Amino acid sequence: MDKKISLIGSFATDWIRYSDYELKKDSSGEVYITPTEEAVFSMYNPFDVSEELLLDLMKIGDKALSVHKASDEAEEMELKKAILVFAKKYGLLGLISASAYNRNIVGDESILMVENNHVKREKIMDSAKYIDMFIPFVEEGDIVISKYKEDVYLGKREDSPQFYGKRPVVMDLIFSRFYSEKIEWIIDFAKMIVQHFKQLLMFKDSSRYLTENVTIMAGRFHAEKIGFTINQLDKTTIAWQFDSLKTTIETIYAFVVTDENLLLSPCKHCESIFITQNLRSKYCTPACRNRANVKKSRSKKAKSLKE
Ligand SMILES: [Zn+2]
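Residue numbers (the working numbering): 717 to 1023.
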């Protein structure tokens, strides 16, 4: 896929994905998604696949919104499958970081939660309890947090990225095989992005009646923890540092919907959301345009037969 989203080229961050994930229930029956025991990790730059990443997440959100209406078991299975595929392609969202104001969860005593996070209603949480929510399947000794004076160290019984203080220690945890997320959290986030988009479309349609700026679903995005460094190679560049895949996706979404040279739109035929540089396009693919035309001419024929 070519990169249609401008500016994204100057963003970079690395994220981790494992080669395989599975769904697992914790002791209270909550369904989590977690890397399988044999899975191997790889690093990638989410901005290299920004378009696909955003659309894949919105597909999950769209599906989730329709499942809740029908509570159809087959559809729910399909949704779970889509989340497994998503995780294999892009990894987990990093909600442990994105849901808290704390820059580094590991080593802090309490956690200040951001509003509208997808994880917990509480405002303040005990750090150990909070971390336990994201590692429900660890066994004794898998993850060891030790403190020495001001320094915090996270030991892992496995071989996965360790940043030795170059990035917040919580990244060592997110990038480990023991890190898990509830599928409800992921679904909730995906739904939020799609609902935001639907509201935006509504306001866009009625924009000629608007006299003032309208904030669409205020208080949803919390990008307080995007940092940056300035790097020098042949060119001087900004290297943005994202705290989570969630914030990365939100940033991509914000760029796409505000880019005047891009159109993010639901297809008039199949309703799936697509991105294009053709601002007048109504259909996601030529195939959908053809099907829509066939349908149109058929209904015309049917009409003229009735007359
Ligand atoms: Zn279509």
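Glycine included, each C-beta is placed from N, C-alpha and C at the ideal position. If you're wondering where the values come from, they're calculated on a predicted model, not measured in any experiment.
Residue range of the unbroken alpha helix (DSSP H) whose run includes residue i
i: threonine 964; result: 961 to 974
i: lysine 920; result: 899 to 921
i: serine 813; result: 811 to 814
i: valine 886; result: 885 to 890
i: phenylalanine 802; result: 789 to 806
Residue i - DSSP class collapsed to helix/strand/coil
i: methionine 933; result: coil
i: asparagine 947; result: strand
i: serine 843; result: helix
i: phenylalanine 757; result: strand
i: tyrosine 869; result: strand
i: isoleucine 776; result: helix
i: alanine 955; result: strand
i: valine 854; result: coil
i: tyrosine 880; result: coil
i: arginine 733; result: strand
i: valine 860; result: strand
i: phenylalanine 727; result: coil
i: leucine 770; result: helix
i: lysine 1011; result: helix
i: aspartate 848; result: helix
i: valine 765; result: helix
The beta strand (DSSP E) enclosing residue i, as first and last residue numbers
i: alanine 939; result: Alanine 939 -> no beta strand (DSSP E), and no H or E assigned at all.
i: proline 751; result: 747 to 751
i: serine 981; result: 979 to 982
i: isoleucine 827; result: 826 to 828
i: leucine 739; result: 737 to 741
i: isoleucine 989; result: 989 to 992
Option in the options with minimal Cα separation from residue i
i: leucine 961; options: Phe905, Gly935 and Asn994; result: Phe905
i: leucine 811; options: Met849, Gly777 and Ala780; result: Met849
i: asparagine 832; options: Arg893, Ser758 and Ala814; result: Ala814
i: threonine 1001; options: Asn929, Lys775 and Phe990; result: Phe990
i: glutamate 928; options: Phe919, Arg936 and Arg883; result: Phe919
i: glutamate 746; options: Glu897, Leu800, Glu838 and Glu966; result: Glu897
i: phenylalanine 1107; options: Lys984, Asn1006 and Asp875; result: No statement about residue 1107 is possible, as the shown extent of the chain runs from 717 to 1023 and does not include it.
i: phenylalanine 853; options: Lys865, Ala798 and Glu738; result: Glu738
i: alanine 970; options: Tyr748, Lys741 and Leu770; result: Leu770
i: arginine 1005; options: Ala1018, Lys1019, Arg1014 and Cys983; result: Cys983
i: glutamate 866; options: Gly823, Lys1017, Gly943 and Lys741; result: Gly823
i: methionine 908; options: Ala780, Thr752 and Thr953; result: Ala780
i: tyrosine 760; options: Ser988, Met793 and Lys804; result: Lys804
i: glutamate 855; options: Asp842, Asp742, Ser988 and Lys998; result: Asp742
Alpha-carbon to alpha-carbon, residue j and residue i
i: isoleucine 899; j: lysine 914; result: 22 Å
i: valine 885; j: isoleucine 821; result: 8 Å
i: histidine 912; j: leucine 1021; result: 43 Å
i: glutamate 825; j: isoleucine 840; result: 10 Å
i: leucine 980; j: isoleucine 861; result: 44 Å
i: threonine 963; j: histidine 938; result: 8 Å
i: threonine 967; j: aspartate 788; result: 32 Å
i: aspartate 772; j: isoleucine 903; result: 12 Å
i: glutamate 940; j: tyrosine 817; result: 8 Å
i: glutamate 768; j: leucine 978; result: 15 Å
i: aspartate 730; j: phenylalanine 958; result: 8 Å
i: lysine 882; j: serine 892; result: 16 Å
i: cysteine 986; j: aspartate 975; result: 24 Å
i: arginine 924; j: valine 930; result: 12 Å
i: alanine 798; j: tryptophan 901; result: 14 Å
i: aspartate 764; j: isoleucine 965; result: 12 Å
i: isoleucine 847; j: isoleucine 776; result: 26 Å
Assigned exposure category for residue i - 16 Cβ within 10 Å defines buried
i: arginine 733; result: buried
i: tyrosine 895; result: buried
i: lysine 872; result: buried
i: glycine 807; result: buried
i: glycine 935; result: exposed
i: serine 766; result: buried
i: threonine 750; result: buried
i: tyrosine 864; result: exposed
i: valine 1010; result: exposed
Beta carbon proximity, residue i to chain B, threshold 8 Å
i: threonine 750; result: Of the protein chains in the structure, only one exists, and it is not chain B.
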